[in-house]
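Heads up: the sequence shown begins at 758 in our numbering, then just goes up one per residue.
A virtual CB, placed ideally from N, CA and C, is assigned to each residue, including glycine.
The structure displayed is predicted, hence computed values, not measured ones.
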Amino acid sequence: MDAQSPLLLTLDLAGTFAFALNGALTAIRVAKLDLVGVVTLGMITALGGGIIRDVLIDSLPPATFSDWRYLAVAATGSLVAFVCGRRLERLAGAILTLDAAGLSLFAVTGASKALEFHVGAAQAVILGAITAVGGGTLRDALTGRIPIVLRSELYAIPALAGALVVVITDRAGVFGAVAAVGAAALCFAIRMLGVRFGIDAPSPPGAESE
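What follows is the structure, encoded as structure tokens:
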């Protein structure tokens, strides 16, 4: 299944929409930006990881600039958040859920596209994770926060797990719709369990006592 298959394209655009909403809601709730700032942050969050991945695998121009649907979906998600964001209840929960959804979808599509460009298994896993965390990292940096991926939260680990499932099933010759959805579901579940129960990635020995 190549990166332009209907399923993977749908997952990629769904991830773009989810991350656009997430970035725009963050702009409203955390940074309190105006329309331009909300749309800009939403689009950077949605498109940043994919652009980084495409540059690294020499897929130029990046899909963002060769397929109008990515820009349209990112802009739409950002505008939806701008119009409706103030009315949403429990914004913090909505932001976390959308972030986990985008993370999961991009981990799958990122690893899949990397494999299409014939990179190694380990490189595909890493590129899947980069696709997943890249936009969120740019979002946090632009809003003056330490990126989630650098904190002690389960963020990169779920992305790596989802990308790893993609690579393993691809190497086994069974990668398809079920494997793609399963990989995304695994990533989402790990991320949300970490949020729900406050599970962090391992810290350096002795760090808690300092």
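Separation of the CB atoms of G859 and L782 is rounded to 12 Å, and the pair is thereby denied contact status at 8 Å. When the Cα atoms are used, A777 and A942 turn out to be separated by approximately 20 Å. When beta bridges are read from the DSSP output, D957 appears opposite E910. If you ignore the 5 residues before and after A913, its C-beta comes within less than 7 Å of the C-beta of A886, V890 and V906, all in its own chain and listed in chain order.
Residue burial is scored here from C-beta neighbours: R948 has at least 16 other C-beta atoms within 10 angstroms and is therefore classed as buried. Runs of the alpha helix (DSSP H) lying entirely within the region 838-900 and spanning at least 4 residues, in chain order: 848-873 and 878-899. Distances from the CA of A838 to each of G877, S861, L862 and T797 were compared; the closest alpha carbon is that of T797. By the CB criterion at 8 Å, T802 and R908 fall outside the cutoff.
Contact between L862 and A771 holds: CB atoms are separated by about 6 Å, below the 8 Å threshold. For a cut-off of 8 Å, the C-beta gap from G805 to G892 is around 4 Å, short enough to register as a contact.
Remark: C-beta atoms of L872 and I814 do not approach each other more closely than 8 Å. Taking C-beta separations shorter than 6 Å and ignoring five residues to either side along the sequence, the partners of D769 in its chain run T866, following chain order. If you look at L792, you'll find it in the alpha helix (DSSP H) that goes L792 to L813.
In the displayed model, D824 falls within coil according to three-state DSSP, outside both helix and strand. Contact between A920 and A868 holds, with the beta-carbon distance rounding to 4 Å and staying under 8 Å. A buried status is given to V923, since no fewer than 16 other beta-carbon atoms sit within 10 Å of its beta-carbon. In the displayed model, V931 falls within coil according to three-state DSSP, outside both helix and strand. Note on geometry: alpha-carbon atoms of A878 and F774 lie some 28 Å from one another. For P904, there is no enclosing alpha helix (DSSP H), as DSSP marks it with neither H nor E. Under the 10 Å beta carbon count, R953 is surrounded by fewer than 16 other beta carbons and is classified as exposed. The C-beta distance from T821 to G807 rounds to 6 Å, short enough to fall under 8 Å.
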